[in-house]
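Engineer:
Numbering (our numbering), first residue to last: 61 to 125.
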């Protein structure tokens with residue numbers, strides 16, 4: 061895991077991943093960080109809890125068959 065500290069300076073809030081993905085720090089309030097992700101449409105981007113829900117549902121469907 062790569063951990064980066066970002067100083068909220070205009071123009072220096074982006075992290076580039078490869079050639080196609082940009083993560084932008086939009087706002088920092090207390091312990092909450094708002095980020096934006098720019099990626100090609102064919103690149104899947106999902107929150108971990110949604111992926112976990114999908115995997116749980118898939119497992120329950122497989123055990124019912």
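C-beta: ideal position from N, C-alpha, C; glycine also.
Does DSSP classify residue 108 as helix, strand or coil?
Structural biologist: Here residue 108 sits in helix by DSSP.
Engineer: If we ignore side chains and look at the alpha-carbon of each, how far apart do residue 90 and residue 65 end up?
Structural biologist: Near 15 Å, if we compare the C-alpha coordinates of residue 65 and residue 90.
Engineer: Along the chain, which unbroken stretches of the beta strand (DSSP E) at least 3 residues long are found entirely within the segment 62-105?
Structural biologist: Here the runs fully enclosed are 74-77, 81-89, 92-98.
Engineer: In angstroms with no decimal places, state the Cα-to-Cα distance between residue 78 and residue 63.
Structural biologist: If you take the alpha carbons of residue 78 and residue 63, they lie about 16 Å apart.
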